[in-house]
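Heads up: the structure comes next, in structure tokens.
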Amino acid sequence: MFKSKEAKIKAEDDWLESISPVGGDPMNYVVRYNTSAGEFISFQKTMDSARFKAALALFPMFFRAGGWIPLAATHYNFIREIPMLAPYEVRMTVGGWDQKWIYIIGKIVTKPSKKAPKALEQPTPSSDSDSNAALFNASLRTADQISINATPAEGSTAPASTTEDLKAVAASLSSEPEPDGAILHTVCISQCCFKVGRITVPPALVLGLNGLSVPPPLLADGSPAEPYSRTNPPPNWSHVKAVARPRKKLQALLKGGWRDVPEGERWWDAAMSGAVEEKRKKGLEIMQSLGLGIAGARNL
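Going by our numbering, the first residue of the sequence shown is number 18, and it counts up by one from there.
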């Protein structure tokens, strides 16, 4: 209460750093939201709460600049019901992004009962898809049908195989079993973007701004390096600290100042390179195929 202005600024900086996902891999970072099933389950309301928690956990530095995250679309794949009053968990992960949109995957799961003699099997893909396909191994569109860096143009026409593609997307997202054996009930894909005022901010910049980064390279002898963390921050974190204060400087970067940074000096792109970039492209192919399939329904 009686701290100086400088001390208050430092306290705020320290607090924001303590809650930022510094050093996290954006394609493997999981935010968990736990709740229980009431008499009437509304997954839409649950996902609102889960998205809010994920946004606070992943993007605190973005909110510092007055940013907000509009929701453009949601897609659900309902697999099995949840028993009344049963506790369940929503696991939120980043599925991919392009120059405008970011796709968030929400998996609603329950833990198998200890009394059950045998755990429920995860659903298998339909016969018209590869039964061994993992989450990011589905080939749904050819290169000329998908734009990796831009959203589909308005009025574009989806191929006639829309229904099959939608089934393939759902199968690829639900066929991969959870690492801990949890039972998958529903998959939700949320399509969002980042804005400061009415200006759209590239997702890669927002991810890098919050300390998310590609894992460190292997050491010279081939052994794994020390993982990035708050005590061992990634290279992009020093750039974040340089632009975080004053707030107007951060807002100027997000509102378009990033365009003035030469491509070879864009630290946020370097933070999202390597293995992260490879996973992003594979995930984006699946996410955009889902959107193209929905867009094709307009012509039915």
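A virtual CB, placed ideally from N, CA and C, is assigned to each residue, including glycine.
Just so we're clear, the structure is a prediction, and the values are computed from it rather than from any experiment.
**Study point:** Helix, strand or coil at A67 according to DSSP, with G and I counted as helix
**Key:** Translated into positions along the sequence shown, residue 67 becomes position 50. Helix.
Exercise for review: For H92, write down the residues that DSSP places opposite it in a beta bridge.
Suggested key: Within the sequence shown, numbered from 1, the residue matching residue 92 stands at position 75. Partner(s): I206.
Check your understanding: For V231, which of F19, K62 and W284 has the nearest alpha-carbon?
Key -> Here residue 231 refers to the residue found at position 214 of the sequence shown. Closest in alpha carbon position to V231, among F19, K62 and W284, is W284.
Exercise for review: Identify whether S35 lies in helix, strand or coil by the three-state DSSP scheme.
Suggested key: Numbered from 1 along the sequence shown, position 18 holds the residue referred to as residue 35. Note: S35 maps to helix in three-state DSSP.
Review point. Going by the CB atoms, is the gap between I121 and S207 shorter than 9 Å?
Key: For the purposes of this step, residue 207 is taken as the residue at position 190 of the sequence shown. For the purposes of this step, residue 121 is taken as the residue at position 104 of the sequence shown. Yes.
Practice item. Would you kindly check if the distance between the Cβ of A89 and the Cβ of C209 is under 9 Å? Key: Looking up residue 209 in the sequence shown gives position 192. Looking up residue 89 in the sequence shown gives position 72. Yes, Cβ-Cβ distance for C209 and A89 is below 9 Å.
Practice item. Take T127 as the anchor and find which of K117, W118, G113 and R108 has the nearest alpha-carbon. Key: The count along the sequence shown starts at 1 and reaches residue 127 at position 110. Cα-wise, what sits closest to T127 is R108.
Check your understanding: What separation, rounded to the nearest whole angstrom, lies between the Cα atoms of A242 and A314?
Key -> For the purposes of this step, residue 242 is taken as residue 225 along the sequence shown, with counting starting at 1. For the purposes of this step, residue 314 is taken as residue 297 along the sequence shown, with counting starting at 1. Distance between the alpha carbons of A242 and A314 is about 48 Å.
Review point. Does the Cβ of I125 have 16 or more other Cβ atoms within 10 Å, making it buried, or fewer, making it exposed?
Key: Against the sequence shown, residue 125 aligns to sequence position 108. The residue is buried, with at least 16 neighbouring Cβ atoms inside 10 Å.
Point to revise | Residues near R247 in its chain [Cβ-Cβ closer than 6 Å; skip 5 each side] | key: Mapped onto the sequence shown, residue 247 falls at position 230. For R247, where only same-chain residues beyond five positions count, the Cβ hits under 6 Å are V39.
Review point. Per DSSP, what kind of secondary structure is S306 in: helix, strand or coil?
Key: Along the sequence shown, one-based indexing puts residue 306 at 289. In the structure shown, S306 sits in a helix (DSSP, three-state: H, G or I).
Review point. When DSSP builds the beta bridges, which residues end up paired with T52?
Key: As a first step, residue 52 must be located in the sequence shown, where it is residue number 35. Paired residue(s): Y105.
Review point. By how many angstroms is the C-alpha of M101 removed from the C-alpha of P234?
Key: Looking up residue 234 in the sequence shown gives position 217. Looking up residue 101 in the sequence shown gives position 84. When rounded, the distance between both Cα atoms is 47 Å.
Practice item. Taking all protein chains shown into account, decide if Q305 is buried (16 or more other Cβ within 10 angstroms of its Cβ) or exposed. Key: Along the sequence shown, read from residue 1 onward, the residue named residue 305 stands at position 288. It is buried - the Cβ of Q305 has at least 16 other Cβ atoms within 10 Å.
Exercise for review: Going by CA-CA distance only, name the one from M44, S290 and L301 that's closest to L75.
Suggested key: Counting from 1 along the sequence shown, the entry for residue 75 is found at position 58. Ranking M44, S290 and L301 by Cα distance to L75 puts M44 first.
Check your understanding: If we ignore side chains and look at the alpha-carbon of each, how far apart do G300 and T110 end up?
Key -> Numbered from its first residue, the sequence shown carries residue 300 at position 283. Numbered from its first residue, the sequence shown carries residue 110 at position 93. C-alpha separation (whole angstroms): 11 Å.
Exercise for review: Would you kindly check if the distance between the Cβ of A221 and the Cβ of A269 is under 9 Å?
Suggested key: The residue labelled residue 269 in the question sits at position 252 within the sequence shown. The residue labelled residue 221 in the question sits at position 204 within the sequence shown. The answer is no: Cβ separation not under 9 Å.
Check your understanding: For the putative contact between V223 and F19, defined by C-beta atoms under 8 Å, what is the C-beta separation to the nearest angstrom?
Key -> For the purposes of this step, residue 223 is taken as residue 206 along the sequence shown, with counting starting at 1. For the purposes of this step, residue 19 is taken as residue 2 along the sequence shown, with counting starting at 1. Wrong, their Cβ atoms sit about 35 Å apart, outside the cutoff.
Check your understanding: Contact check, P77 vs N227 under 8 Å by CB: the rounded distance?
Key -> If you number the sequence shown from 1, residue 77 lands on position 60. If you number the sequence shown from 1, residue 227 lands on position 210. Confirmed, Cβ separation roughly 7 Å.
Point to revise | Beta-carbon gap between A24 and V48 smaller than 9 Å | key: Taking the first residue of the sequence shown as 1, we reach residue 24 at position 7. Taking the first residue of the sequence shown as 1, we reach residue 48 at position 31. It is not a contact, given that the beta carbons lie outside the stated cut-off.
**Study point:** Cβ neighbours of G308 in the same chain (closer than 6 Å, five flanking residues each side left out)
**Key:** If you number the sequence shown from 1, residue 308 lands on position 291. The answer is none, since no qualifying residue turns up.
Exercise for review: Whole angstroms is fine: what's the gap from W32's alpha carbon to P251's?
Suggested key: Counted from its first residue, the sequence shown places residue 32 at position 15. Counted from its first residue, the sequence shown places residue 251 at position 234. Approximately 18 Å, taken between the alpha carbons.
Check your understanding: In or out: R68 buried (at least 16 other Cβ within 10 Å) or exposed?
Key -> By one-based count along the sequence shown, residue 68 stands at place 51. Buried, since its Cβ has 16 or more Cβ neighbours within 10 Å.
**Study point:** Nearest-angstrom beta carbon gap, E106 and Y50 [assumed within contact, 8 Å]
**Key:** For this step, residue 50 is matched to residue 33 along the sequence shown. For this step, residue 106 is matched to residue 89 along the sequence shown. So it is a contact: roughly 7 Å between Cβ atoms.
Practice item. Measure the alpha-carbon distance for G112 versus T203 and round it to whole angstroms. Key: Position 95 of the sequence shown holds residue 112. Position 186 of the sequence shown holds residue 203. Distance between the alpha carbons of G112 and T203: 16 Å.
Practice item. Give the DSSP-derived three-state secondary structure of V218 in the structure shown. Key: For the purposes of this step, residue 218 is identified with residue 201 of the sequence shown, where counting begins at 1. Under the three-state reduction of DSSP, V218 is assigned to strand.
Review point. Smallest Cα separation from P196: which of V293, I119, P129 and T52?
Key: Stepping through the sequence shown from its first residue, residue 196 is reached at position 179. With distances taken between Cα atoms, P196 lies closest to P129.
Point to revise | Spatial neighbours of T63 in its chain, beta-carbon cut-off 7 Å, leaving aside the 5 residues before and after | key: Indexing the sequence shown from 1 puts residue 63 at position 46. The answer, listed in chain order, is T52 and V107.
Check your understanding: Just the Cα atoms here: how many angstroms apart are G273 and V218?
Key -> Your numbering for residue 273 matches position 256 in the sequence shown. Your numbering for residue 218 matches position 201 in the sequence shown. Roughly 8 Å separates the two Cα atoms.
Check your understanding: Does DSSP classify L201 as helix, strand or coil?
Key -> Translated into positions along the sequence shown, residue 201 becomes position 184. Of the three classes helix, strand and coil, the one that applies to L201 here is strand, per DSSP.
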